[in-house]
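Inspection log for the structure reproduced underneath, given as structure tokens.
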Amino acid sequence: MADIGRNDPCPCGSGKKYKRCHLLVEEAAPAPVGQRARARHQIDERVVSEMLRFGRRHFPGWNPVVEYEELGGNADHLQLFAPWAVYHCDLEGRPLFERYLEARGGHLPDPERAWLAAQRHAWLSVWEITDVVPGERVSVRDLLTGEERLVHEVSGSRTLAMRDAVLGRVVDDDGVSVFCGVHPQPLPPREAADLVRALRREMGVRSRHAPPARLRERGAVGLLIALWEETSEALHHRPLPELRNTDGDELLLTVDRFSVVPGARAEVAARLTALNGVETSEEDGALLLTFTRHGNEMHESWDNTIVGHAKLGADEMKVETNSRERADALRQRLAEACAGVLTHRIREHTDLESLLAKSRGQPRQPAMPKSQEELDLLRDFKEKHYAAWIDQPLPALRGATPLQAVRTARGRKQVELLIKELENGESRLPQGERFDVSVLRSRLGLEREAGASG
139 MADIGRNDPC PCGSGKKYKR CHLLVEEAAP APVGQRARAR HQIDERVVSE MLRFGRRHFP
199 GWNPVVEYEE LGGNADHLQL FAPWAVYHCD LEGRPLFERY LEARGGHLPD PERAWLAAQR
259 HAWLSVWEIT DVVPGERVSV RDLLTGEERL VHEVSGSRTL AMRDAVLGRV VDDDGVSVFC
319 GVHPQPLPPR EAADLVRALR REMGVRSRHA PPARLRERGA VGLLIALWEE TSEALHHRPL
379 PELRNTDGDE LLLTVDRFSV VPGARAEVAA RLTALNGVET SEEDGALLLT FTRHGNEMHE
439 SWDNTIVGHA KLGADEMKVE TNSRERADAL RQRLAEACAG VLTHRIREHT DLESLLAKSR
499 GQPRQPAMPK SQEELDLLRD FKEKHYAAWI DQPLPALRGA TPLQAVRTAR GRKQVELLIK
559 ELENGESRLP QGERFDVSVL RSRLGLEREA GASG
């Protein structure tokens, strides 16, 4: 539709000029939420820059970088440092934005004055992501105050996952809520829960919910920043957990290479195919073999366990397993089955740390989309796995099952944290590969605690 001039006839057919009819209605109507959120960010960017100039001009000795780094913060993280400098940093007893309002408030446009007034009611806290609409918004819950908000956030909503926790300020203005100052490193559920417990202990907060006024205090702000930086740094340098396969073996990617006696390739293929638990397929003239055994020591619902994979060519066979123990057992089995026609030549080991070090700095290749058949198999596997999971004794629950643990207050918090970790992991997968963790919440009676701090 072409633009309508103010003095043109109103298209509604009233006979009045547009400016006297529907233009009045349209101008009175609130702008779309996304547009208002963008306007808030633009206002904040503008006034923060102006306030920083104001501070440097009128308070020559003011150096927020030094004070921020004394707290343990990293001033290079501008998305949190700059808002902290103007809205929290102590400047002779008051934050900079209060002094700016006092000096310039009477000359500011109404939207800027309203925005700075809204800043008085904001606070820095730990906000847990409870829902995500990528490219639009996130729902968040303050793990300290219990407050909930629907935050309109375009860029962050594309990278944040369910149950991530962010250190940030949420500002409410003009009917919308936006982030105004966020630390670039979100925390996983367990680290966030540990940090919240430490903060509550340091602040002496014994009630379930801390009042927002406590979190506006200078000491609480500094403590939050220091703890977050410390936790983020520890997370960044945390060693890999000890990973084991379902037999309990330490994960060690192992490749055994065998030589095929000249002319015996067909004989090797026939002997291997005849073994129990071997599945075969063809790829580019090579025979692919999957070695399995019945049942699984860790998961009672599994029909079988994949022990290793092999690729049989014209004169060589490559066998891959994920532990030294499985490699030794499979090598012995192959030696017995193919005596005289197959000879072991060499073994190679690759640990996960070496693989990760090699991949650092290289662009991640996008995963190939799974077929519907693969998605159906994955969904069936997850449904069986998690159906058994609630009755499985877990070390994290001191040997209790999730169903047993939820009967006590302490155990209920521990299970809630495990559920959050599952949600966090599943939400990072493509939509068609995710398991609906709310099924576990329902079976464990945790629906009402979906937003609890754990």
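Using the numbering used here, the letters of the sequence shown correspond one by one to residues 139 to 592. A virtual CB, placed ideally from N, CA and C, is assigned to each residue, including glycine.
query	result
Where VAL544 falls: helix, strand or coil (DSSP)	coil
Local Cβ density within 10 Å of ARG382, reported as buried at 16 or more and exposed below that	exposed
Close beta carbons around GLY451, own chain, < 7 Å, minus the five adjacent residues each side	ALA424
Euclidean distance between Cα positions of HIS186 and ASP385	Looking at the sequence itself, residue 186 is Val, so the reference to His does not match. Going by the C-alpha atoms only, they are around 57 Å apart.
Cβ pair ALA260, CYS318 closer than 8 Å	yes
Option nearest ALA330 by Cα separation, candidates GLY243, GLU512, VAL314, LEU373	LEU373
Neighbourhood of LEU239 by C-beta, 7 Å cutoff - its chain only, sequence neighbours within 5 removed	LEU254
Cβ-Cβ distance between THR369 and LEU298 below 8 Å	no
Assumed close pair VAL393, GLU291 - CB separation to whole angstroms, cut-off 8 Å	Not really, about 45 Å apart at Cβ, beyond 8 Å.
Whole-angstrom C-beta distance between GLU266 and ARG279, which should lie under 8 Å	5 Å
Straight-line gap, PRO349 to GLU285 (C-alpha atoms, nearest Å)	10 Å
Pairwise C-alpha distance: VAL575 and ALA525	11 Å
Rounded C-alpha distance that separates TRP222 from GLY583	40 Å
Reduced DSSP secondary structure (H/G/I, E/B, other) of ILE528	coil
Sequence-distant residues of its chain with Cβ nearer than 6 Å to VAL224 (five each side left out)	VAL186, MET189, LEU234, PHE235
For GLY415, the nearest candidate out of ALA402, LEU468, HIS179, ARG462 (CA to CA)	LEU468
Contact between the region 394 to 407 and the region 470 to 480 (3+ Cβ pairs under 8 Å)	yes
Under the three-state DSSP convention, the category THR411 falls into	helix
Burial state of GLN552 (16 or more Cβ within 10 Å)	buried
Own chain residues within Cβ distance below 7 Å of ARG581, not counting five before or after	ILE528
GLN470 versus SER277, PHE396, LYS449, residue with shortest Cα-Cα distance	PHE396
DSSP three-state assignment for HIS196, whether helix, strand or coil	helix
THR443 - partner residues in DSSP beta bridges	ARG431
Inter-residue CB distance, GLU585 and ARG579 (contact presumed, cutoff 8 Å)	5 Å
Inter-stretch contact at 8 Å, needing at least 3 Cβ pairs: the region 531 to 540 / the region 299 to 311	no
CB-CB length for HIS226 against LEU262, believed under 8 Å	7 Å
Selected residue, minimal CA-CA separation from THR283, among VAL308, GLY294, ASP269, VAL270	VAL308
Residue ranges of each beta strand (DSSP E) within the region 351 to 408, 3 or longer	391 to 398
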